[in-house]
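Asker: Would you mind keeping the following structure in view while I ask a few things?
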Amino acid sequence: MRKKKRIATQSTAFVLTGVMLAGSILPSLPVYAETDSLALLNESKTLEMSFDGTLEDKVLTDRSVLARGRDGGEKEAVYTEGVSGEALQLDGATYIDLGTEQDIQPENLTASVWVKANAVLSGEQLITWNKGAYNEDGWYLNTTDNNPLFLSVGTAVSGSQPQEYYVEGKRSEFFPAGEWVHVAVTYNAETQEAAMYRNGEKLTVKAKYNSSSGIHGSDCTKTLGNNGTVHNGGCSNISLDEYSVYSTVADDAQVQELYKLYADPSGGGEDPDPSFTEERVLNLAFDGDTTDTSEKNHPVTIVGENYGYIQGAAEGTQALELKGKTYVDLGTDASLNPSSLTFSFWVNPTQDMGGGEHLFVWNKEAYYSDGWYLSSENKDKPLSISIGSSNDWKQPYKVGVEADRSEFFPVGEWTHIAVSFDDTTKEVTMYRNGIRQKVTVFSPIGTDGADGTIDQGNEMKKRWDTMVPCITVLMASLPWIMWLF
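Take a look at the structure:
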């Protein structure tokens, strides 16, 4: 039976855009186009480490950088998937020796880094240490249970502590286990003021001791992941990516640009892999119509009358607003059920999603038959994909994210989603605003006949089928494409 695929809203509504389906897998994350403001900041860069399988500093290429154990002996660095390419994974028993150069102790400071807690953190966890002893020249950045971001600057006056700047709050919320978070700190030598940022947002900073001598260079060994060679305390259980130090004070806009390098939903940039976009089998921009601009040129129609076109996520773009009891009919072409796939779109819920399931795209007949569908299953499982068939009335292979849906899809905010499935490895990867999410297998392959295989010959109807109050479908022309990489 030829069932249609669909994109639609039923009882509720969304705003959607950037819907793309490709018969291949996400290779990597995007590269954001550098602005003049960011280029100016980069002129003061003294260190840049991307950790793409190497500890090399891209600024001072002959900087001596080594992975070491607590005994000081050399170790092999361990890498994991990062916000862009690979990232450094510290295991609680390893730190990085950055050498003794003084250029990463600038008088005026900006430090920018992506941090992921490998597990729920406890006790002090050092991000970077650029002092000898804690009360000597330099600076360090760490995180503690009640001060998720903490900066120490300079020496201490007799009987006191060095100048300290910190953010208050629960670290488990600031650095959720398994989630990449961008942090940036600045220090102004003239005003002796510090600023701290989380994911581009400026935070309330408190200070104490008023004893800052400022940041001065020293010949101490600088490190990542422990409190230096003088104290040599415990090592951190975190992963780091895209770590940079600058010898000037970035302003709010420049810090936001640093964050946008790998996590801005409307950032622009260029598609780095034309071969990937050539494999698109569906490309809907919703620029005032439902034209599919992929080579397949699928006949796509809107069924129902509760819809309209509005301003999209990026300036100068449009989005399709589905207001309930209306869906987008994608036709019956089997190419919409590729064996391996990547699916990307922008979504903006205009009211609370409640506790029930909301369908994004449905490419199956029954939920247990061949094909695939993507949904927001409930308030604790904001994103899940069902792949392949199973025994009648049983759950097929299903993988998703466990999180608070109200935070995953904030009402009135654009969120970019990308999901990929590799038929060879059966691996599912999910991204939110360019950041890879931790996924959980809800229903494994082999249980109740779940095969984890998309039937490419399936010609049932497909449709975009969101069931959320007022969702706007916005399809930006170029910027969203970049977010597939």
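Start counting at 1 in the sequence shown, then tack on 549, and there's your number in the working numbering.
Even for Gly, the Cβ is constructed at its ideal location relative to N, Cα and C.
If you're wondering where the values come from, they're calculated on a predicted model, not measured in any experiment.
1. Please identify the residue among Gly-920, Asp-882, Trp-963, Asn-657 whose C-alpha is closest to the C-alpha of Gln-860.
2. Which of helix, strand or coil does DSSP assign to Ala-883?
3. Pick helix, strand or coil for Phe-909, following the three-state DSSP scheme.
4. Grab me the residues of Ala-802's own chain with a C-beta within less than 8 Å of its C-beta, minus the 5 sequence neighbours each way, in chain order.
5. Go ahead and pull the three-state DSSP assignment for Ile-653.
6. In angstroms with no decimal places, state the Cα-to-Cα distance between His-731 and Val-627.
7. Determine, using beta carbons only, whether Trp-921 and Asn-912 come nearer to each other than 8 Å.
8. Any heavy atom of the ligand NAP closer than 7 Å to the beta-carbon of Thr-797?
9. Mind checking Glu-750: buried by the 16 CB within 10 Å criterion, or exposed?
10. If I follow the unbroken beta strand (DSSP E) through Phe-835, where does it start and stop?
11. Since Gln-805 is in the alpha helix (DSSP H), which residue starts that stretch and which ends it?
12. Count the other CB atoms, across all protein chains shown, that sit within 10 Å of the CB of Thr-866; report buried if there are 16 or more and exposed otherwise.
13. So which of Phe-699, Phe-909, Gly-621 has the shortest CA-CA distance to Glu-673?
14. So for Arg-619, helix, strand or coil by DSSP?
15. Buried or exposed for Leu-831, please, with buried defined as at least 16 other CB atoms from any protein chain shown within 10 angstroms of its CB.
16. In three-state DSSP terms, what is Leu-871?
17. If contact is defined by three or more beta carbon pairs under 8 Å, each pair taking one atom from either stretch, is the stretch 628-639 in contact with the stretch 790-797?
18. Taking the straight line between their C-alpha atoms, what separation do you get for Gly-853 and Glu-828?
19. Identify, in the order they occur along the chain, each residue of the same chain with its Cβ nearer than 8 Å to the Cβ of Gly-648, setting aside the five sequence neighbours on each side.
20. In whole angstroms, what separates the C-alpha of Tyr-916 from that of Tyr-946?
Answerer: Put simply:
1. Translated into positions along the sequence shown, residue 860 becomes position 311. Considering only alpha carbons, the answer is Trp-963.
2. Indexing the sequence shown from 1 puts residue 883 at position 334. Helix, per DSSP.
3. What you label residue 909 is simply residue 360 of the sequence shown in a count that begins at 1. In the structure shown, Phe-909 sits in a strand (DSSP, three-state: E or B).
4. As a position in the sequence shown, residue 802 is number 253, starting the count at 1. If the five residues before and after Ala-802 are omitted, its C-beta is found closer than 8 Å to the C-beta atoms of Ser-586, all from its own chain and listed in chain order.
5. Taking the first residue of the sequence shown as position 1, residue 653 is located at position 104. Note: Ile-653 maps to helix in three-state DSSP.
6. What you label residue 731 is simply residue 182 of the sequence shown in a count that begins at 1. What you label residue 627 is simply residue 78 of the sequence shown in a count that begins at 1. Spanning the two alpha carbons is a distance of roughly 20 Å.
7. Against the sequence shown, residue 921 aligns to sequence position 372. Against the sequence shown, residue 912 aligns to sequence position 363. Cβ atoms of Trp-921 and Asn-912: closer than 8 Å.
8. Of ligands this structure carries none, so the ligand NAP is not represented either.
9. Taking the sequence shown and counting its residues from 1, one reaches residue 750 at position 201. Glu-750 is exposed by the Cβ-count criterion.
10. As a working note, residue 835 is residue 286 in the sequence shown. From DSSP, Phe-835 is part of no beta strand (DSSP E); its letter is neither H nor E.
11. Taking the sequence shown and counting its residues from 1, one reaches residue 805 at position 256. Taken as a continuous stretch (DSSP letters only), the alpha helix (DSSP H) holding Gln-805 covers 801-812.
12. Here the question's residue 866 lines up with position 317 in the sequence shown. Answer is buried; the Cβ neighbour count reaches 16.
13. Here residue 673 is taken as the residue at index 124 of the sequence shown, counted from 1. The shortest Cα separation from Glu-673 among Phe-699, Phe-909, Gly-621 belongs to Phe-699.
14. By one-based count along the sequence shown, residue 619 stands at place 70. In the structure shown, Arg-619 sits in coil (DSSP, three-state: anything other than H, G, I, E or B).
15. Here the question's residue 831 lines up with position 282 in the sequence shown. That one is buried.
16. Mapped onto the sequence shown, residue 871 falls at position 322. If DSSP states are grouped into helix, strand and coil, Leu-871 belongs with the strands.
17. yes
18. The sequence position of residue 853 within the sequence shown is 304, counting from 1. The sequence position of residue 828 within the sequence shown is 279, counting from 1. Between Gly-853 and Glu-828, the C-alpha separation is close to 30 Å.
19. Working through the sequence shown from its first residue, we reach residue 648 at position 99. Excluding positions up to five away in sequence, the list reads Arg-612, Ser-613, Val-614, Thr-770, Lys-771.
20. Position 367 of the sequence shown, counting from 1, holds the residue named residue 916. Position 397 of the sequence shown, counting from 1, holds the residue named residue 946. Roughly 11 Å separates the two Cα atoms.
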